[in-house]
Amino acid sequence: MGCKCRDSRAFVFWCIVLSSLIHVSLGSKSRHFKWEVEYMYSTPDCLEHVVMGINGQFPGPTIRAKAGDTIVVELTNKLHTEGVVIHWHGIRQHGTPWADGTASISQCAINPGETFVYRFKVDRPGTYFYHGHYGMQRSAGLYGSLIVDVADGKKEPFHYDGEFNLLLSDWWHRDVHEQEVSLSSKPFRWIGEPQSLLINGRGQFNCSLAAKFSSNASVSQCKFRGNEQCAPQILHVDPKKTYRLRLASTTALASLNLAVGGHKMVVVEADGNYVQPFAVDDLDIYSGESYSVLLRTDQLPSRNYWISVGVRGREPKTPQGLTILNYIPTSASKLPTSLPPVTPRWDDYNHSKAFTKSIFALMGSPQPPRTHDRRIILLNTQNRINGFTKWSINNISLALPPTPYLGSIKFGLNYAFDQRQPPDNYDNSYDIMNPPVNPNSTHGNGVYTIKFNTSVDVILQNANALANNVSEIHPWHLHGHDFWVLGYGEGKFKEEDEQNFNLKNPPFRNTAVIFPYGWTALRFVADNPGVWAFHCHIEPHLHMGMGVVFAEGVHRVGKIPRAALACGLTGNKLN
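Heads up: the sequence shown is residues -27 to -1, 1 to 548, going by mature numbering (1 follows the signal peptide of the UniProt record, and there is no 0).
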C-alpha cells in the first residue's frame, strides 16, 4: 500500500506522515479485540441448549498472535445477572498479574454491563486457550483457542506443511447453574458424566457416526444434516504431506484419548514447550493440557480416516467424539471403510503412565534448579464439611474471599483473608489407600506465601476418596508459571524418592496429572510477582474446594489498574 506524491510540499509532507502511519500499523505488535460475553442458543451436539458465547460465537473467537505481541481484549459482560472473568491458560502474565483472569485472586469479577480491558504480552510460541474462571462458566461453554506463532525471523524446530486446531471439551444437557446447586447440596448430588464430547464445539448426541458405519455409508445420514453448528469439522488434507495438529483440552471433567485411524502421530510440543519428538498410536490428554503432534498423510488417498476422542480415567458413559480426516480428492462425505480407533480401556493406567512418562524436554529447554528451597506436600482428599461433600488439600477446602488476594496483600489488608498459612505437609500416619477414618474437613482461604525467586518443590499426593477403592485422576494447573515435572510414583511419597527425580530433561509444563494412589513431583521458581492459583482443573472439583493459592513478591507488583480491584475492601485503596 503506497502513496503517489505530487510536487506540492504540503502534499509531500502529509504523504510522508500517512506512509509512516501505514508502516506503523502494519508492523504493530498489539492485537486488539472487542468482545461481548452473553448467553445464547446453540446446538453443540445437535440439541438446542443455552451456551455462553462471545460475540455470538461458540466456542469463542480464536486469538492468533506472534511471540512478543501484546494482546488487548476489551471484554464487556452482557450476562445480566452474573459476573465474568477470562483466564488466559498457559500465558504466564509477567508484569501483568491482574490480567490472569481469576476472580477473587487476581481481579474482581466483571459485573453485568461493565467492561474490563485485558492487556498482556504473549512471550512464547505455543498452543494455548482461554476460558471462564468464575463459578463453573467453563462448563457453560466460555472458552476458545489462543495460538501463538513464532516471532518473525524465528523457526520451529520441526517442519510441517499445514496445521489444524482441535479444541476438545465435554458437554452436559443439564444447565450449569443446576450443576452448581447439585454439587453444593446436602445430600450430595453428582452431576453425572457428560452427554457428549465436542471437537471445536461440535458433537453429535445419540447419533454416532460409527454406528452408521458401512462400506457405502454417508455422513449425510446423521441428523446434523443441514445443521452447521454441530456437523463435524472435517480435516481436509493432501496426500504425502505433514500436518501439525494442535490439541487442547478444556474439558470440565473428562480425561480424553485421541487417535487417528491408520496413522501414527509424533508429539513435539506440550503446554507451549518443545519436547523430544516421539511417535504414538494414540495419546491421553487431561483437562488443562495442550499438545502439538505431527501427522504424515501416508495412507491410501482413496480413503478417509476416523479421528476419535474417547473418555479415560472414568468409566465411560459418554460416546466417542468423532470427525474425519479427508484425503483430497476423495469425497468428504464418504465414511471410512474401517471402524474408528478403539479408546484404551478407561482404567488401563499403565497405558496412560507409559505415555506420560515418555515426555522429555527438548535439548536446550530451561533446566531446573538442582535443589529446592522449600517443599510443599499437598494431600488430595475427598471430605465432608457439615454434611456437605468437598475436596480438600491438607484437610482444607478452599473458599475464596470477596476481596481479591492481589489487592488485599498489595495494600496490607490483613483482615481480608485468613493470615494463617496452610500446612506444608500432612500427618504422615494418614492412610492414603483407604477412606479417611475422620472424613471431616474445614473451609479456609489462607495463602502460601513464598519467598521471591526461590525454588519450590510441590509433591501432589493422591489418596482414596470417601468411597472404598476409589482414587481419581486429578490434573493440576499452575497459574503464572511453568514447572518441571520431576517424576511420578506409586503409593505414598518418601524422602528417598527424590533420588529418582529427573533433573536432566524433565518436561516443562503448566499442567500435570496425579494418578490414582500415586504422587507427582513438580519444581518451579517463584520469579513472577503476583498471586497465583494452583488447582485441580476438573471444574466440579475446583468448585468443591480443590485448590490452593501461592503469593510471591507482591510488593514488586507495579500499579494495578483500578478496574481490576474495584470491589471488596480494595475499592477505596485505588484513589
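The beta carbon of each residue, even a glycine, is placed where N, CA and C say it ideally should be. Just so we're clear, the structure is a prediction, and the values are computed from it rather than from any experiment.
- Of the residues N483, W505, P302, G283, the one whose Cα lies closest to the Cα of Q293 is G283.
- If you check the CB distance, P314 and A225 do not come in under 7 Å.
- Annotated as proximal: T215 and L267, with beta-carbon spacing under 7 Å.
- Annotation: the region 370 to 448 contains the following complete segments of the beta strand (DSSP E) (minimum length 3 residues), in chain order: 415 to 417, 421 to 423, 428 to 434.
- Between I258 and L220, the CB-CB gap stays under 7 Å.
- Taking 7 Å as the cut-off, the Cβ atoms of T303 and S275 count as close.
- Taking W364 as reference, the option from P34, D391, H516 with the minimal CA-CA separation is H516.
- Inter-segment contact for the region 439 to 456 and the region 467 to 474 is absent: fewer than three beta-carbon pairs are separated by less than 8 Å.
- Cβ contact annotation for N501 (same chain, cutoff 8 Å, sequence separation greater than five): R65, Q66, H67, P70, G453, H454, E525, G526, in chain order.
- At the C-beta level, Y116 and H104 come within 7 Å of one another.
- Between L119 and I36 a beta carbon distance of about 5 Å is seen, short of the 8 Å cut, so the two are scored as contacting.
- Only residues of its own chain outside the window of five on either side were considered, and among them G68 have a CB closer than 8 Å to the CB of G531, listed in chain order.
- DSSP places D470 within a helical segment (H, G or I) once states are collapsed to three.
- By the criterion of a C-beta distance shorter than 7 Å, G234 is surrounded in its chain by Y278, W279, P309, S311, P313, P314, once the five residues flanking it on both sides are discounted.
- Within the same chain, Cβ atoms closer than 6 Å to the Cβ of G135 are found at Y216, the five residues on either side in sequence being excluded.
- In the three-state scheme derived from DSSP, where H, G and I count as helix and E and B as strand, H106 is classed as coil.
- Pairwise C-beta distances place the region 323 to 332 out of contact with the region 411 to 421, as fewer than three of them are shorter than 8 Å.
- Judged by beta-carbon spacing, M13 lies beyond the 7 Å limit of G114, meaning their Cβ atoms are not closer than that value.
- In this structure, the alpha-carbon of T88 lies about 43 Å from that of N478.
- In this structure, the straight-line span from the alpha carbon of G126 to that of N483 is close to 27 Å.
- Counting every other CB atom within 10 Å of its CB across the protein chains shown gives E288 a total below 16, marking it as exposed.
- Within the region 232 to 306, the complete beta strand (DSSP E) runs of at least 3 residues fall at 238 to 243, 246 to 253, 255 to 258, 263 to 269, 277 to 285, 294 to 300.
- Judged by DSSP secondary structure, H22 falls within the beta strand (DSSP E) whose first and last residues are 22 to 27.
- Around the beta carbon of E512, a 10 Å sphere encloses 16 or more other beta carbons of the protein chains shown; the residue is thus reported as buried.
- Within the model, the alpha-carbon separation for E55 versus L48 is close to 14 Å.
- Under the Cβ criterion (8 Å, minimum of three pairs), the region 391 to 402 counts as touching the region 344 to 360.
- Contact between R97 and A38 is absent: CB atoms are separated by about 11 Å, not below the 8 Å threshold.
- Excluding its 5 nearest sequence neighbours in each direction, T270 has C-beta neighbours in its own chain below 6 Å: V210, P212, K214, listed in chain order.
- Counting along the chain, the unbroken beta strand (DSSP E) around E136 starts and ends at 135 to 144.
- In the DSSP assignment, D122 is bridged to K39.
- Comparing alpha-carbon positions, the option among D391, Q392, I382 lying closest to V504 turns out to be I382.
- Shown here, R65 sits in coil according to DSSP, grouped into three states, outside any helix or strand.
- A direct Cα-Cα distance of roughly 18 Å separates D346 from G460.
- Shown here, H324 sits in a helix according to DSSP, grouped into three states.
- When secondary structure is reduced to three states using DSSP, T16 falls in the coil class, being assigned neither helix nor strand.
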